[in-house]
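Shown next, in structure tokens, is the structure this report addresses.
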Amino acid sequence: MVLMTTQQWRIALEGKYFAIEYEHSHVEPESAKEHIIRLPPPPPQEKRPRQEGKMEAGQIMKNANAKRVADRVDINVRFGIHGGFPPYSADCAPAWGDVNITRQMLSADRTVFVGIVWELALFNFRLELIFLDRQLVPYFYNHSDQRLALRRERVIYEIWNSGGVRPMWTDDLKCDRLTSVLWDERREAVKQMAIVMKDWPDGQHLLWTDQCSRISTHTRSSKPRSSRST
Numbered sequence: 001m002v003l004m005t006t007q008q009w010r011i012a013l014e015g016k017y018f019a020i021e022y023e024h025s026h027v028e029p030e031s032a033k034e035h036i037i038r039l040p041p042p043p044p045q046e047k048r049p050r051q052e053g054k055m056e057a058g059q060i061m062k063n064a065n066a067k068r069v070a071d072r073v074d075i076n077v078r079f080g081i082h083g084g085f086p087p088y089s090a091d092c093a094p095a096w097g098d099v100n101i102t103r104q105m106l107s108a109d110r111t112v113f114v115g116i117v118w119e120l121a122l123f124n125f126r127l128e129l130i131f132l133d134r135q136l137v138p139y140f141y142n143h144s145d146q147r148l149a150l151r152r153e154r155v156i157y158e159i160w161n162s163g164g165v166r167p168m169w170t171d172d173l174k175c176d177r178l179t180s181v182l183w184d185e186r187r188e189a190v191k192q193m194a195i196v197m198k199d200w201p202d203g204q205h206l207l208w209t210d211q212c213s214r215i216s217t218h219t220r221s222s223k224p225r226s227s228r229s230t
């Protein structure tokens with residue numbers, strides 16, 4: 001699993017998964033050269049970012065600039081070669097579920113945009129939770145019996161809906177118990193999270209008791225009270 005910074009995600013979301021000249025940089029990309037050479041050349045009409053311009057022979061990039069170029073090369077390989085994402089084009093219509101979405105659709109209907117952002121945020125939370133679990137309880141994942149890792153991940157999946165990591169919003173499964181409008185479903189999700197976290201260091205106090213299950217399901221009104229006296 002690769003963790004990326006906000007700046008690296010900004011680069012990735014530009015969708016410019018093209019070849020970049022970095023020969024005169026003293027910061028080498030981490031990607032294998034056989035993967036780097038598979039990146040397609042940029043279109044001739046595209047104005048390339050200043051930090052990616054061709055360097056004169058013998059000229060050395062400054063540290064920050066060289067690091068950005070190396071990051072961009074690695075990101076282009078990660079998304080363009082390993083991920084199989086084509087470079088962004090204004091006339092593309094990628095599939096989202098069973099719908100092909102154009103730029104015009106996103107501009108006209110903000111609900112589609114909000115839905116995509118929500119799903120990406122949910123996806124990111126689930127990946128980070130699994131990554132954190134791998135760091136805190138490596139026993140489950142480093143054991144010679146790989147079935148332990150599979151069982152551990154299934155326990156984590158049950159926090160939301162047992163449907164894996166990717167939000168399956170097109171399926172009949174309830175998408176995420178943690179965000180359910182029903183209190184009893186949210187309670188079951190929190191209970192499952194406590195089951196996971198009790199295996200973490202200093203997490204023994206997170207045992208779910210019968211008292212937790214007897215919490216009233218009374219739904220409080222979300223309407224704010226007026227601060228003015230009547």
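Read in order, the letters of the sequence shown correspond to residues 1 to 230 in full-length UniProt numbering.
Glycine is no exception: its CB is placed at the ideal position from the N, C-alpha and C atoms.
What you are looking at is a predicted structure, and each value in this text was computed from that prediction instead of being measured.
Check	Outcome
Mind checking whether residue 139 and residue 149 have CB atoms under 7 angstroms apart?	no
To the nearest whole angstrom, what separates the beta carbons of residue 269 and residue 160, a pair I think is in contact under 8 angstroms?	A question about residue 269 goes unanswered here, because the residues of the chain that appear run from 1 up to 230.
Got a sec, what are the start and stop residues for the alpha helix (DSSP H) residue 115 sits in?	110-136
Would you check if the distance between the CB atom of residue 41 and the CB atom of residue 19 is smaller than 7 angstroms?	yes
Measuring CB to CB, does residue 79 end up less than 7 angstroms from residue 12?	yes
Output the distance between the C-alpha atoms of residue 191 and residue 119, rounded to the nearest integer angstrom.	23 angstroms
So which of 92, 35, 199 has the shortest CA-CA distance to residue 83?	35
Nearest to residue 85 by alpha carbon, out of 5, 65, 155, 17?	17
State the DSSP-derived secondary structure class of residue 160, mapped to helix, strand or coil.	coil
Looking at the secondary structure, which residues open and close the alpha helix (DSSP H) in which residue 72 lies?	63-76
Give every residue of the same chain whose Cβ lies closer than 8 angstroms to the Cβ of residue 152, excluding the five residues on either side of it in the sequence, and list them in chain order.	133, 137, 140, 141
Between 73, 206, 114, which has its C-alpha nearest residue 29's C-alpha?	73
Exposed or buried, which one is residue 57 when buried takes at least 16 other CB atoms within 10 Å?	Any reading at residue 57 is ruled out, since the residue's pLDDT is 43, under 50, leaving its predicted position unreliable.
Among 14, 68, 2, 15, whose alpha-carbon lies nearest the alpha-carbon of residue 21?	68
Check whether the Cβ atoms of residue 187 and residue 180 sit closer than 7 angstroms, and answer yes or no.	no
From residue 103 to residue 91, what does the alpha carbon distance come to, in whole angstroms?	8 angstroms
Output the boundary residues of the alpha helix (DSSP H) element that contains residue 190.	183-197
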